[in-house]
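A.B. asks: All letters in the sequence shown, in the order written, are residues 44 to 238 by the numbering used here. Positions of the beta carbon are idealized from the N, C-alpha and C atoms, including for glycine.
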Amino acid sequence: TIRRVSVGAEIYQDFWMNWPARMNVRAINQGFGTFITYNVPFGQSPLSFAIGAGIGCHNLYSNSTIDNIKADTITFSPIADSIDYKKSKLGLTYLDFPLELRFVAKNKVRFSVGVKLGYLLDAKTKYKGDDFNGEMLTLKQRKVDNVDKFRFGPVVRFGYDWFQIMGYFSVTQIFDKGFGPELYPISVGITFMPF
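#1: Which residue or residues does DSSP assign as beta-bridge partners of tryptophan 59?
#2: Are the CB atoms of glutamine 73 and asparagine 102 within a distance shorter than 8 Å?
#3: Please classify arginine 65 as buried or exposed, where buried requires at least 16 neighbouring CB atoms within 10 angstroms.
#4: To the nearest angstrom, how far is it from the Cα of aspartate 173 to the Cα of tyrosine 128?
#5: Give the list of continuous beta strand (DSSP E) stretches no shorter than 3 residues that lie fully inside the stretch 83-160.
#6: If you follow the beta strand (DSSP E) that lysine 183 is part of, which residue opens it and which one closes it?
#7: Straight-line CA distance for tyrosine 81 to serine 49?
#8: With the cut-off set at 8 Å, would you say phenylalanine 140 and alanine 93 are in Cβ contact?
#9: Taking the alpha carbon of valine 187 as the reference point, which residue from Thr136, Arg47, Thr168 has its own alpha carbon closest?
#10: Spatial neighbours of leucine 182 within its chain, please: C-beta separation below 6 Å, excluding the five flanking residues on both sides.
#11: Between isoleucine 109 and leucine 138, is the Cβ-Cβ spacing less than 8 Å?
#12: By how many angstroms is the C-alpha of methionine 179 removed from the C-alpha of serine 230?
Here it is as structure tokens:
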């Protein structure tokens with residue numbers, strides 16, 4: 044039988060596309076999300092339609108910082124080689140609304156395909172490292188300007204019972220077109236759906 048309500052959590056790796064030429068992006072850019080969906084079965088078939096809501100968090104770790112988070116156009120500049128730093132990242136949090144067509148076989152093999160629409164809740168930066176005087180500091184900035192308020196893209200999952208492999212491709216860019224680099228993430232990871 045198809046569960047009417049599903050609760051899931053996912054962890055994923057973001058592969059960032061189209062970063063600026065002088066910017067180096069870290070190989071590991073971990074993200075995570077959680078969601079709840081209401082499932083509507085198609086009669087006695089193994090197919091169902093799911094609609095829900097969730098939270099998705101993405102991180103972009105790099106060797107660069109945003110020059111001015113309130114600038115008319117967002118630009119990244121590499122951190123000087125003479126500066127010792129531990130972390131520099133852009134963090135994005137979205138309220139997501141997934142729509143999925145799901146298939147559950149009798150042997151508990153699961154497959155789903157759909158789309159995800161997201162609304163930006165927070166865009167922030169975090170830098171931890173030396174300042175220009177050699178002192179260690181942690182600098183956090185919130186409400187980065189010119190981040191697109193909406194995101195949209197296809198999502199796919201495949202797995203067995205409560206464990207699935209997931210993928211999400213952001214059709215929309217992170218920044219408003221023409222007001223920042225044409226960055227967008229491709230997310231690949233695992234989903235746990237125990238309920």
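C.D. replies: On the basis of the data shown:
#1: Beta bridge pairing from DSSP links tryptophan 59 with Pro228.
#2: Yes, they are a contact pair.
#3: Exposed, by the Cβ-count rule.
#4: The alpha-carbon atoms of aspartate 173 and tyrosine 128 are separated by roughly 6 Å.
#5: If only complete runs of 3 or more residues are kept, the stretch 83-160 shows the beta strand (DSSP E) at 90-104, 107-109, 119-121, 128-147, in order along the chain.
#6: Its beta strand (DSSP E) spans residues 179-185.
#7: Looking at the two C-alpha atoms, the distance is approximately 7 Å.
#8: In this structure, alanine 93 does not lie closer than 8 Å to phenylalanine 140 by Cβ.
#9: Minimum Cα distance to valine 187 is reached at Thr168.
#10: Around leucine 182: Tyr170.
#11: When the beta-carbon positions are compared, isoleucine 109 and leucine 138 stay at least 8 Å from each other.
#12: When only Cα atoms are considered, serine 230 and methionine 179 end up about 32 Å apart.
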